[in-house]
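Asks: I'd like to ask you about the structure that follows.
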Ligand code: FES
Ligand SMILES: [Fe+2]
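Numbering (our numbering), first residue to last: 782 to 1117.
Below, the structure is given as C-alpha cells:
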C-alpha cells in the first residue's frame, strides 16, 4: 500500500536531464510518470521526448533507435517518427499515408536543464519556467555545468517532500545542524509560483566558522517553487549568494529521479569554471546538506493531517493549501 494519498502526479514542469548530456543525434531511453519514454536530439539540435513504443509492432525506440535528420528511426523495421510523434516515413512503403503516431511530450531547455511538462488531463503547458537567475549569469556566478550539476538518481521520494522544506523552519536545527530555527520574512503565492524569504542566522552561537569567520551573521534563505517539480533555495550572506535547485521528477507512484543543481558567487578575480575558495566550499557543503534531507524524505511516510506544534501550523497549512492545486484528482484542485 502506498502512503501517498493522491492518484495522479502533480501538474507542472519537470527536469529530465542536463542539455549538455544529450548531443545531436543521441538517443536515450527514459522512464518518467510510469511511462516508458525515449528522448533524442535531432541533427538540427532540437530536443524531443516521445512515448517509447513504436506503434508499428511495439519496439522500444530507446534501445537501438537512431536519429535520422529530424526523425527517430525504429530499430525493428526502420519506420521514422517525427519530433511531434507523427509518422515521417516507412522506408519500404514510401507512398503510405497512415494516421498513426506516438504521443509527444512538451519539452523546453532552460538554464542548461532539459524539461518536460506533465498534466494528468494531458493539457498543454499553461505556464513556463523562467529558470534560475544565477544559472544564466556566468560573469558573476560559476557555471552550473558540470561542477554544480548532480544526478542524485532514482530515490523513493515524492515531489511534495522537497518543496515542503519551504514552510519547515524548525528542521534546520535538526537536519542541518543549525544553531537556531529560521523565521518567516515573506510569503507570496502567485498561482503555481511560491516565493518566500526566511530569516536565518548563519553560524548561530559560534565565534567563528569558515563561512562566518567574524561570528554569526543574519542572512536569508529565499525560496522559489514552480509547481512541485522545481524548487530553488537561495542562501544570502551579504552579497555572497548560493543558489541551489532541487528537481524531483516522478518515475512511478513512489519513486522520483532527482537532480541537484547549484552555483555560488565567484571568488574575487576568479574567472575559471571550477568554483574555488569560499564558493567551492559552500557548494560542497550545500550538496552535503541536501543529502541529509534526501535521507529523511526517502524513508518518510506522508502525513496528511500532521499534529502541528504551535508556530509550525501557519506556514505549513498555507503550503499544503497551495500544493493542492497541482493534483487534479482531488476535489478542490483546479477550483481556484
Ligand atoms: S516496430 Fe518499429 S518499425 Fe516495426
Ligand atoms: Fe532542508
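The beta carbon of each residue, even a glycine, is placed where N, CA and C say it ideally should be.
1. If I measure Cβ to Cβ from residue 991 and keep anything under 8 Å in the same chain, skipping five residues before and after, which residues do I get?
2. Give me the DSSP bridge partner(s) of residue 1012.
3. From residue 1053 to residue 1006, what does the alpha carbon distance come to, in whole angstroms?
4. With a cut-off of 5 Å, give the chain-ordered residues whose Cβ is closer than this to any heavy atom of ligand 2.
5. Going straight from the alpha carbon of residue 1116 to that of residue 989, what length do you get?
6. Whose CA, out of 1012, 825, 863 and 971, lies closest to the CA of residue 835?
7. Pull up the DSSP beta-bridge partners for residue 853, would you.
8. For residue 1050, count neighbouring Cβ atoms within 10 angstroms of its own Cβ and tell me buried if that reaches 16, exposed if not.
9. Taking one C-beta from the segment 1066-1085 and one from the segment 1032-1052 each time, how about it: are there three or more such pairs within less than 8 Å?
10. Buried or exposed, going by whether 16 or more other CB atoms sit within 10 Å of the CB of residue 876?
11. Among the residues of its own chain, which have a CB less than 8 Å from the CB of residue 844, if the five just before and after it don't count?
12. Around the C-beta of residue 1004, are 16 or more other C-beta atoms found within 10 angstroms, so that it is buried, or is it exposed?
13. Tell me the DSSP bridge mates of residue 895?
14. Can you give the Cα-Cα distance for residue 1015 and residue 1022, rounded to whole angstroms?
15. Going along the chain, which residues of its own chain have a beta-carbon closer than 7 Å to the beta-carbon of residue 814, five neighbours each way excluded?
16. From the DSSP output, in three-state form, read off residue 900 for me.
17. Can you look up residue 947 in the DSSP assignment and give me helix, strand or coil?
18. I'd like to know whether the C-beta atoms of residue 1075 and residue 938 end up nearer to each other than 8 Å.
19. Whole-angstrom Cβ separation of residue 833 and residue 819, contact assumed at under 8 Å?
20. Over the uninterrupted alpha helix (DSSP H) stretch that includes residue 1095, give me the two end residues.
21. State yes or no: is the C-beta of residue 821 nearer than 7 Å to some heavy atom of ligand 1?
22. Helix, strand or coil: how does DSSP classify residue 1159 here?
23. Going by alpha carbons, who is nearest to residue 1093 out of 949, 917, 936 and 1055?
24. So the candidates are 850, 828, 1000 and 935; which of them puts its Cα closest to the Cα of residue 966?
25. Relative to the C-alpha of residue 1033, which candidate in 801, 806 and 812 has its C-alpha closest?
26. Going by other Cβ atoms of all chains shown within 10 Å of its Cβ, with 16 needed for buried, is residue 782 buried or exposed?
27. Mind checking whether residue 871 and residue 808 have CB atoms under 8 Å apart?
28. On the criterion of 16 or more Cβ atoms from any shown chain inside 10 Å, does residue 922 qualify as buried, or is it exposed?
29. Count the other C-beta atoms from every protein chain shown that fall within 10 angstroms of the C-beta of residue 884, then say buried if there are 16 or more, exposed otherwise.
Replies: Quick answer:
1. The answer, listed in chain order, is 1059 and 1062.
2. DSSP lists 1006 and 1027 as partners of residue 1012.
3. If you draw a straight line from the Cα of residue 1053 to the Cα of residue 1006, it comes to about 30 Å.
4. Those residues, listed in chain order, are 946 and 1074.
5. For residue 1116, the pLDDT reaches just 42, beneath the cut-off of 50, and the residue's location in the model is therefore unreliable, although a value from the coordinates is still provided. So the alpha carbons of these two residues sit roughly 51 Å apart.
6. Cα-wise, what sits closest to residue 835 is 863.
7. In the DSSP assignment, residue 853 is bridged to 848 and 862.
8. Exposed.
9. With the cut-off at 8 Å, the segment 1066-1085 and the segment 1032-1052 touch.
10. Around the C-beta of residue 876, fewer than 16 other C-beta atoms lie within 10 Å, and the residue is accordingly described as exposed.
11. Excluding residues within five positions, the ones whose Cβ falls inside 8 Å are 810 and 856.
12. Flag for residue 1004 reads buried.
13. According to DSSP, residue 895 bridges with 798 and 890.
14. Note on geometry: alpha-carbon atoms of residue 1015 and residue 1022 lie some 7 Å from one another.
15. Apart from the 5 residues on each side of it in sequence, residue 814 sits with its Cβ closer than 7 Å to the Cβ of 790, 899 and 1031 in its chain, given in chain order.
16. Residue state, collapsed to three classes: coil.
17. The answer is coil: DSSP assigns residue 947 none of H, G, I, E or B.
18. Yes. Within cutoff.
19. Between residue 833 and residue 819 a beta carbon distance of about 5 Å is seen, short of the 8 Å cut, so the two are scored as contacting.
20. Annotation for residue 1095: the continuous alpha helix (DSSP H) segment containing it runs 1094-1105.
21. Not under cutoff, so the answer is no.
22. Here the chain has residues from 782 to 1117 only, and residue 1159 is not among them.
23. The shortest C-alpha separation from residue 1093 is found at 949.
24. If we check each option's Cα against that of residue 966, 1000 comes out closest.
25. It is 812 whose Cα lies nearest to the Cα of residue 1033.
26. Unreliable placement is indicated for residue 782, whose pLDDT of 41 sits below 50; no coordinate value is reported for it.
27. No, they are not a contact pair.
28. Buried is the call here.
29. Exposed, by the Cβ-count rule.
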